[in-house]
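Here the working numbering runs 12 ahead of the position in the sequence shown, where the first position is 1. For every residue, glycine included, the Cβ atom is placed at its ideal position computed from N, Cα and C. Worksheet: one structure, shown below.
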Amino acid sequence: MTNSANPVERWLKLSGLLLILALLTEAVCLFWARPLSFLVLLGIGGLLLILGVVVYLLSLVLIKHPS
């Protein structure tokens, strides 16, 4: 995989990675039948999901697009 020179693409890749990790965490919690799985779902899965969305929105707002 090559590093892209476009900073927007890097932010979007990071956002996508965080969202995929959040979905994988939540999928694992669905098959883990313990009370702790709910805390992991909310704690780790929710945090990764929120971080992914925030990074995505920041990439749209803060990165200067080439004109």
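- In this structure, L31 and G64 form a Cβ contact; the two beta carbons are roughly 4 Å apart against a cut-off of 8 Å.
- Exclusion of the five residues before and after L53 leaves E38, C41 as the residues of its chain whose Cβ lies within less than 7 Å of its Cβ.
- Contact between L35 and V67 does not hold, since the beta-carbon distance rounds to 15 Å and is not under 8 Å.
- Here DSSP, grouped into helix, strand and coil, assigns W44 to coil.
- By the C-beta density criterion, L60 is buried, having at least 16 other C-beta atoms within 10 angstroms.
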